[in-house]
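In the numbering used here, the protein residues as written are 1051 to 1441.
Ideal Cβ positions, reconstructed from N, Cα and C, are used throughout, including at glycine.
This structure is a prediction, so every number in the text was calculated from the model and none was measured.
All remarks here apply to the structure that follows.
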Amino acid sequence: MKEYQRWAEETLNKVHEKMDWVIEKNLDKIPYTTDENGSYDDKSAQDRSWNEDDGINWWTNGFWGGILWLLYQDTGKKSYAKIARLSEQKMKKCFDMFYGLHHDVGFMFLPTSVFDYRLTGNEDAKRTALRAANFLAGRFNPVGKFIRAWNDDPNVDRRGWAIIDCLFNISLLYWASDETNDPRFRQIAMMHADTVMEHFVRPDGSVRHIVEFNPLTGEMVRDYGGQGYERGSSWTRGQGWAIYGFVNSYINSGKQEYLDTAKKVAQYCIGNIPANGIIPVDFKQPEEPAWEDSCGACVIAGGLLEIAKCVPEVERETYTEPAVRILKAIAEKRADWSRECDAIVQNCTAAYHDKKHHFTMVYADYFFIEALYKLTGFGINIWQSEAKVDR
Ligand code: GLY
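Here you go:
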């Protein structure tokens, strides 16, 4: 057993110890972040109007269930499956409300419904996931060959907006094609991924966050800095979505160019990862303030570990070493293993220019735990479809 595998197993023991009481304390919530007392909030209890992307429509709502399914597949604890399903049942309301829903149905229903179905064969979960896939496919712009990201707000016309994060949502489409044997979903996923390769990835391997297309002609209009420092900069979580997202598309489709692109973005990132493994919000941000994003760190690490699985043995260390460096930095310097806080991973940032920085985000915990399991070689990858899983 390699040293990093032993380390991951020891760290997972700490995860189990902490999550046992965290889950018990937050049974019927769908958390996003923790408050000043270290207690999880509850997105499912927020009273929002039917057309908002917050509350039950909030894009990270699938990650609480995702953590529970990750732990369930390891421990077999039935209570974890029960709590995960409770969150999924609540989330189904978003289809009836409809107007506030967005492209992040992949982030919402892969770690919940698809994970449930793949582990247990639950037909109701499959139906929910197919419903989400159909919704996502309906956001495809066939002229521009991209999936529309967000809905309009009163001041912004977003009909032509696509964002790098969506590379994760399209995993739902690959899965739907495998399940239904209907190629339409995969065709849409690949057309979107091709558009992203062409318009988001810069020659140096860095990626844009937001690209706007003309929704009528499909021509690219401009890009935006989005959650990063500025236009032309490199939002680190976005680099992570790109690395990991392109590997997923490679595994889901077999198209070599996707792996080559993932490696190109990875090389850019690896060249910018600080020696101490602490990841900034943007690789091109000023030295001060030194805002960090531990969540982006975990996504990048996960993507690098996925590339390591796809390359020859001699190349693996190139990707594994920086991934382990990042994860050890989280576990040793940015993790809360105490009972003071419900979340493990600290110092996450949603967007560089937000007023709030360095807080907890449930999907940071999800991607941290997922990456630890990758190091141990255990479990299925829900972002990569395997229609013929043994149940
Ligand atoms: N998908 C939005 C984010 O990463 O913050």
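Exposure of residue i, with buried meaning 16 or more beta-carbon neighbours within 10 Å
i       : result
Glu1060 : exposed
Lys1438 : Note on Lys1438: pLDDT 42, under 50, position unreliable in the model; no value is reported.
Ala1058 : buried
Arg1441 : Bear in mind that a pLDDT of 34 at Arg1441, under 50, signals an unreliable position, so the model cannot answer this.
Tyr1149 : exposed
Ala1212 : buried
Val1364 : exposed
Lys1314 : buried
Lys1132 : exposed
Ala1381 : buried
Val1155 : buried
His1066 : exposed
Asp1078 : exposed
Leu1062 : buried
Asn1101 : exposed
Residue of the options minimising C-alpha distance to residue i
i       : options                            : result
Lys1128 : Glu1371, Glu1102, Asp1070, Ala1183 : Asp1070
Val1246 : Gly1278, Pro1161, Phe1196          : Phe1196
Ala1340 : Leu1355, Tyr1402, Tyr1149          : Tyr1402
Tyr1090 : Thr1286, Val1257, Lys1359, Cys1391 : Cys1391
Val1193 : Trp1285, Tyr1369, His1242, Asn1076 : His1242
Ala1134 : Ile1073, Glu1229, Pro1336          : Ile1073
Val1261 : Asn1322, Arg1198, Ala1226          : Arg1198
Ala1226 : Phe1428, Ala1182, Pro1330, Gln1317 : Ala1182
Gly1427 : Pro1336, Lys1068, Tyr1308, Lys1359 : Lys1359
Met1411 : Leu1355, Gly1282, Asp1228, Gly1112 : Gly1112
Reduced DSSP secondary structure (H/G/I, E/B, other) of residue i
i       : result
Met1247 : helix
Glu1262 : strand
Pro1339 : coil
Met1051 : coil
Phe1190 : strand
Arg1209 : coil
Tyr1082 : coil
Asp1166 : helix
Asp1092 : coil
Asp1273 : strand
Val1331 : coil
Val1155 : helix
Cys1398 : strand
Ala1393 : coil
Trp1108 : coil
Residue i Cβ short of 6 Å to the ligand NAD heavy atom set
i       : result
Asp1215 : Among the ligands in the structure shown, the ligand NAD does not appear; only the ligand GLY can be found there.
Contact belief for residue i with residue j at Cβ below 8 Å, rounded distance in angstroms
i       : j       : result
Arg1208 : Asp1202 : 5 Å
Short CB-CB distance (under 7 Å) between residue i and chain C
i       : result
Met1411 : No chain C appears in this structure, which consists of one protein chain only.
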